[in-house]
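**Student:** Residue numbers (this note's numbering): 140 to 313.
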Amino acid sequence: MNDEQLEKLSESVEHAEQREEQQTDEQSLSVEQGGWFPYPPSRPARLIPPIALAYIGDAVYEVAVRQYLLSKANMRPNHLHRSATGLVSAKAQSRILTGIEAELTEEERDIVRQGRNAKSGSIPKNADVLEYRHATALECLIGYLYSSGRHDRMIELIRRGIEHAEQHSQSPTK
Numbered sequence: 140m141n142d143e144q145l146e147k148l149s150e151s152v153e154h155a156e157q158r159e160e161q162q163t164d165e166q167s168l169s170v171e172q173g174g175w176f177p178y179p180p181s182r183p184a185r186l187i188p189p190i191a192l193a194y195i196g197d198a199v200y201e202v203a204v205r206q207y208l209l210s211k212a213n214m215r216p217n218h219l220h221r222s223a224t225g226l227v228s229a230k231a232q233s234r235i236l237t238g239i240e241a242e243l244t245e246e247e248r249d250i251v252r253q254g255r256n257a258k259s260g261s262i263p264k265n266a267d268v269l270e271y272r273h274a275t276a277l278e279c280l281i282g283y284l285y286s287s288g289r290h291d292r293m294i295e296l297i298r299r300g301i302e303h304a305e306q307h308s309q310s311p312t313k
């Protein structure tokens, strides 16, 4: 290979590295702007309908609970499933929301109110309507914090909610 060919090859490799770096930067930016993956919301979180926020919030909360359970010693599938159900049921989510409500900012309370009042179009099977609406409100809040990129706050509220639920489940009066 002559010097001219080596120089062209070097420039080509350099351009490829720059493109790759730019793509990585763009993905990082989109992750920072609203999620864990490079698919930012189509609009600001404040403009996403409450039911859509609850949709993503439900999934994020489910992942958080599963990760929490994997941090515990007992990882038998049956035990994991029962423990998860105890934290993700509408009844549990309703109690969690009650447990963290005092810590919410005015903005977060507004999101909770919108989520609680949202019409989901379905009837709860294993919960009463009030518990179901409170669970939807919690999921809406989590979805809002996730979609707006406020992951530290979201994680903090989920942590406090799980602690509250665990304390409640261990108390003698259920």
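Beta carbons: idealized from backbone N, C-alpha and C, even for Gly.
Is the region 211–226 in contact with the region 255–266, if contact means three or more CB pairs nearer than 8 Å?
**Tutor:** Not touching, per the Cβ criterion.
**Student:** How is P189 classed by DSSP in three states: helix, strand or coil?
**Tutor:** The count along the sequence shown starts at 1 and reaches residue 189 at position 50. In the structure shown, P189 sits in a helix (DSSP, three-state: H, G or I).
**Student:** Could you give the DSSP three-state label for G238: helix, strand or coil?
**Tutor:** For the purposes of this step, residue 238 is taken as residue 99 along the sequence shown, with counting starting at 1. Reduced to three states, the DSSP call for G238 is helix.
**Student:** Starting from I281 and walking both ways along the alpha helix (DSSP H), at which residues does that stretch end?
**Tutor:** Position 142 of the sequence shown holds residue 281. Looking at the DSSP string, the run of the alpha helix (DSSP H) that includes I281 is V268 to S286.
**Student:** Helix, strand or coil, according to DSSP, for S233 in the structure here?
**Tutor:** Looking up residue 233 in the sequence shown gives position 94. S233 falls in the helix class under three-state DSSP.
**Student:** R289: which of Q309, T275, E247 and R252 sits nearest, CA to CA?
**Tutor:** Within the sequence shown, residue 289 is the residue found at index 150, counting from 1. Here the closest residue by C-alpha is E247.
**Student:** Less than 8 Å between the CB atoms is what I'm expecting for I235 and L277, so what's the real figure, rounded?
**Tutor:** Taking the sequence shown and counting its residues from 1, one reaches residue 235 at position 96. Taking the sequence shown and counting its residues from 1, one reaches residue 277 at position 138. Yes, they are in contact, since the Cβ atoms of I235 and L277 sit about 6 Å apart, within 8 Å.
**Student:** Here's the rule: buried if 16 or more other CB atoms are within 10 angstroms of the residue's CB, otherwise exposed. What is R272?
**Tutor:** Here residue 272 refers to the residue found at position 133 when the sequence shown is read from its first residue. Its Cβ being crowded by 16 or more others within 10 Å, R272 is buried.
**Student:** For a test of the three-state rule: what should DSSP assign to M214, helix, strand or coil?
**Tutor:** Your numbering for residue 214 matches position 75 in the sequence shown. Of the three classes helix, strand and coil, the one that applies to M214 here is coil, per DSSP.
**Student:** Which residue's Cα is closest to the Cα of R255: A193, I239, Y178 and S210?
**Tutor:** Along the sequence shown, read from residue 1 onward, the residue named residue 255 stands at position 116. Checked all of A193, I239, Y178 and S210; the closest Cα to R255 is A193.
**Student:** What three-state label does DSSP hand N265 in the structure shown?
**Tutor:** Within the sequence shown, the letter at position 126 stands for residue 265. Coil, per DSSP.
**Student:** What whole-angstrom Cβ distance do P180 and I187 have, given they're in contact under 8 Å?
**Tutor:** Counting from one through the sequence shown, the residue named residue 180 turns up at place 41. Counting from one through the sequence shown, the residue named residue 187 turns up at place 48. Yes, P180 and I187 are in contact; Cβ-Cβ is about 6 Å, under 8 Å.
**Student:** For the putative contact between H303 and G196, defined by C-beta atoms under 8 Å, what is the C-beta separation to the nearest angstrom?
**Tutor:** Position 164 of the sequence shown, counted from the first residue, corresponds to residue 303. Position 57 of the sequence shown, counted from the first residue, corresponds to residue 196. Not really, about 17 Å apart at Cβ, beyond 8 Å.
**Student:** Less than 7 Å between C-beta atoms, sequence neighbours within five positions excluded: which residues of the same chain meet that for R292?
**Tutor:** As a working note, residue 292 is residue 153 in the sequence shown. So the list reads L284, once near-sequence residues are dropped.
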